[in-house]
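Presented below is the structure to which this report refers.
Numbering (our numbering), first residue to last: 141 to 253.
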């Protein structure tokens, strides 16, 4: 390694670790956990809603492509793949939403709020 690369690595190391070392103490007593929990739930709901909306749009696009393919195998295959992957994406979004709600419920029951 050249001296310039070593200096760059040291500067990056210091820049990344200085906020951790120089930060003040955080007191958990002053934190309002319910506000953080509500914020995280709201973010998850918005992201899941947008992902569901996007998946619905791709269902519409895939269905329209399927209907208008007129027997053309390339268009038909593209429409089928669009429908398949939008279904898989929607299933992943629903599963992530359910799993996140289960984790929040378990954490709330375990640690209280």
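Glycine included, every Cβ here is placed at the ideal spot set by N, Cα and C.
Fair warning: this is a prediction, and the values are worked out from it, not measured in the lab.
(request) Report the rounded CA-to-CA distance for residue 190 versus residue 149, giving the unit in angstroms. (result) The residue you call residue 190 lines up with position 50 of the chain shown. The residue you call residue 149 lines up with position 9 of the chain shown. Straight-line Cα distance between these residues: approximately 40 Å.
(request) Grab me the residues of residue 216's own chain with a C-beta within less than 6 Å of its C-beta, minus the 5 sequence neighbours each way, in chain order. (result) As a working mapping, residue 216 is identified with position 76 in the chain shown. Excluding residues within five positions, the ones whose Cβ falls inside 6 Å are 209.
(message) Can you list, in chain order, the residues of its chain with a C-beta nearer than 8 Å to that of residue 156? Leave out the 5 residues immediately preceding and following it.
(response) Along the chain shown, read from residue 1 onward, the residue named residue 156 stands at position 16. Here the set comprises nothing.
(message) On the criterion of 16 or more Cβ atoms from any shown chain inside 10 Å, does residue 202 qualify as buried, or is it exposed?
(response) Residue numbering aside, residue 202 sits at position 62 when the chain shown is read from its first letter. The residue in question, residue 202, is buried, as its Cβ has 16 or more Cβ neighbours within 10 Å.
(message) With distance defined between alpha-carbon atoms, name the residue in 205, 152, 227 and 174 nearest to residue 251.
(response) Position 111 of the chain shown holds residue 251. Taking only the C-alpha atoms, the option nearest residue 251 is 174.
(request) My understanding is that residue 218 touches residue 205, with C-beta atoms under 8 Å, so please give their C-beta distance in whole angstroms. (result) Looking up residue 218 in the chain shown gives position 78. Looking up residue 205 in the chain shown gives position 65. Yes, residue 218 and residue 205 are in contact; Cβ-Cβ is about 6 Å, under 8 Å.
(message) Beta-carbon within less than 8 Å of residue 233's beta-carbon, same chain only, minus the 5 sequence neighbours each way: which residues are those?
(response) If you number the chain shown from 1, residue 233 lands on position 93. Answer for residue 233: 188, 191, 192 and 195, listed in chain order.
(message) Would residue 240 and residue 151 qualify as a contact pair, given that the criterion is a beta-carbon distance under 9 Å?
(response) As a working mapping, residue 240 is identified with position 100 in the chain shown. As a working mapping, residue 151 is identified with position 11 in the chain shown. No.
(request) Would you kindly work out how many angstroms separate the C-alpha atoms of residue 228 and residue 144, rounded to a whole number? (result) Taking the chain shown and counting its residues from 1, the one referred to as residue 228 is at position 88. Taking the chain shown and counting its residues from 1, the one referred to as residue 144 is at position 4. So the alpha carbons of these two residues sit roughly 48 Å apart.
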